[in-house]
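Below is one structure, written out as structure tokens, with a few remarks after it.
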Amino acid sequence: MTLYEQWNNYGEDAKERSVEEYKKVVENYLARERDVYDYMLSNREEIVEGTISELGKRFNMDEIEFLGFVDGINSSLKNGEYNLDDLTGESSVKLDFDLEKLYWNMLDAKAEWLYNLPQWSELLSADERTSIKKEYNKTKTVVKEKKVGRNDPCTCGSGKKYKQCCMK
């Protein structure tokens with residue numbers, strides 16, 4: 024089983040035992056994930072790179088958990104996304120991310136514990152964060168097209184009422 028498949032099944036054994044155990048496993052992972060983002064945002068000049076195994080040890084995670092972290096940051100990377108199915112513990116990764124893309128993706132993941140980290144105020148101004156949030160919200164707004172009414176002029180330009188033209 025690949026690391027990525029193991030990540031996709033992460034916590035399932037705890038889930039089978041009890042909901043409380045599953046919640047505890049997930050909460051522990053999310054706390055370590057937050058710590059890695061905390062470090063990376065605080066040390067922006069350092070690009071985190073190394074093997075999955077080395078970085079996992081460095082950030083108090085196992086290989087599966089660190090691959091999960093890479094999964095979360097993957098679409099924010101400047102050099103393109105990694106094929107997660109191909110990554111092993113010995114695979115090297117370079118986590119050079121785009122700040123604005125990362126903030127957007129945290130909004131999209133509804134990861135409030137991440138997009139509210141205090142480091143964001145030093146990295147992106149309040150106006151920049153607001154602008155990103157507005158753009159993000161626009162993508163989630165459903166806009167319905169105006170329906171043509173029976174008595175409206177026909178959209179084909181004939182000059183007739185819609186009900187006497189294209190509606191037939």
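In our numbering, the protein residues as written are 24 to 191.
We treat Cβ as the ideally placed atom computed from N, Cα and C, and that holds for glycine.
Please specify which runs of the alpha helix (DSSP H), each continuous and at least 4 residues long, are wholly inside the stretch 130 to 171, giving them in chain order.
-> 135 to 138, 143 to 146 and 149 to 162
Among all the DSSP beta bridges, which residues are the ones paired with GLY73?
-> VAL116
What does a CB cutoff of less than 8 Å around ILE155 pick up in its chain, not counting 5 residues either side in sequence?
-> GLU123, TYR126, TRP127, LEU130 and LEU147
Please say whether ASP119 and ASN139 have beta carbons closer to each other than 8 Å?
-> no
Along the chain, where does the alpha helix (DSSP H) that runs through LYS46 open and close?
-> 42 to 65
For GLU135, which of VAL42, GLY91, CYS188 and GLU56 has the nearest alpha-carbon?
-> GLU56
How big is the Cα-Cα spacing for SER115 and GLY79?
-> 12 Å
Out of ILE96, CYS188, GLN187 and ASN31, state which residue places its alpha-carbon closest to the alpha-carbon of ASP108.
-> ASN31
Under a Cβ-count criterion, where at least 16 other Cβ atoms within 10 Å of its own Cβ denotes burial, should MET84 be classed as buried or exposed?
-> buried
What residues in its chain sit with their C-beta under 8 Å from that of GLY143, if we drop five residues either side in the sequence?
-> Gly is not the amino acid found at residue 143; the sequence shown has Trp there. Correct list, in chain order: LEU64, TYR126 and ARG152.
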